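The structure appears right after this line, and notes come after that.
Written out as structure tokens, the structure is:
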């Protein structure tokens with residue numbers, strides 16, 4: 001069974017602090033990793049993609065990938081109330097160049 | 001804005017009726033995906049097109065569901081004889097096609113289906 005695991009939360013973080021979201025996956029053959037943000041009642045919005053081990057930064061967001069330990073994380077610096085949402089982790093199914101396996105998401109609450 | 005669009009945004013229907021949803025992908029994207037999402041869950045893969053060819057359909061998907069992408073542009077998803085368990089958000093996404101790796105998928109706003 002191919003799985004992507006996320007803590008459902010809610011994760012509560014004070015405004016201005018760093019929010020750290022984690023995701024583990026079971027398929028060692030996965031090569032492509034994505035973080036999406038989803039506001040309540042809305043569709044997922046792509047934040048970051050990462051394909052290689054290490055860190056990838058984009059503005060206040062940093063994605064971290066460790067294939068040996070099979071986890072991917074998302075850091076949000078200087079958290080804002082507008083960052084309050086559910087964050088979904090998606091990982092490609094091994095040997096598939098299109099199919100993604102999704103976590104159930106972590107609900108993040110930024111407290112002013 | 002030339003993002004992914006979906007129509008309708010909301011659909012309420014009675015059990016047993018047929019419904020059809022439309023998705024218009026980003027114009028240069030040759031891949032199109034349909035997902036279903038229920039509350040508290042991640043998107044569930046339904047089917048995938050590369051250009052006009054439907055290359056994969058989830059084994060979990062009932063035969064009541066069918067999708068088309070006749071000219072490799074817009075796509076339709078039809079659900080026949082709807083059941084209350086079909087109530088969900090139906091999401092369409094599109095992407096470029098990479099020869100290696102998995103490309104980024106961009107989602108439309110979704111169609112919220114309620115079956116009474």
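Protein chains in written order, with the working numbering: chain A, 1 to 112; chain B, 1 to 116.
For every residue, glycine included, the Cβ atom is placed at its ideal position computed from N, Cα and C.
Since we're looking at a predicted model, the values are computed, not measured.
- A buried status is given to residue 6 of chain A, since no fewer than 16 other beta-carbon atoms sit within 10 Å of its beta-carbon.
- Sequence-ordered contacts of the stretch 18-42 of chain B with chain A read 31, 33, 40, 41, 42 [C-beta pairs closer than 8 Å].
- A distance of 7 Å or more separates the beta carbons of residue 7 of chain B and residue 31 of chain B.
- Secondary structure note for residue 29 of chain B: it is in no beta strand (DSSP E), with a DSSP letter that is neither H nor E.
- Within its own chain, the residues whose Cβ lies closer than 7 Å to the Cβ of residue 12 of chain B, once the five positions on either side in sequence are excluded, are 114, 116, listed in chain order.
- Sequence-distant Cβ neighbours of residue 74 of chain B in its own chain, meaning closer than 8 Å and more than five residues away, are 22, 23, 24, 25.
- Nearest Cα to residue 23 of chain A within the set A/63, A/45, A/99, A/16: A/63.
- Within a 10 Å sphere around the beta-carbon of residue 67 of chain B sit 16 or more other beta-carbons, which makes this residue buried.
- In this model, residue 43 of chain B and residue 43 of chain A are separated by some 10 Å (Cα to Cα).
- Think of a sphere of 7 Å around the beta carbon of residue 102 of chain A: the chain B residues whose beta carbon falls inside it are 42, 43, in chain order.
- Boundaries of the beta strand (DSSP E) around residue 76 of chain A: 71-76.
- Proximity of the stretch 71-85 of chain A to the stretch 32-41 of chain B falls short of the contact definition, fewer than three beta-carbon pairs being nearer than 8 Å.
- Under the three-state reduction of DSSP output, residue 85 of chain B falls in the helix class.
- Around the beta-carbon of residue 55 of chain B, fewer than 16 other beta-carbon atoms lie within 10 Å, marking it exposed.
- When rounded, the separation of the alpha-carbon atoms in residue 90 of chain A and residue 93 of chain B is 14 Å.
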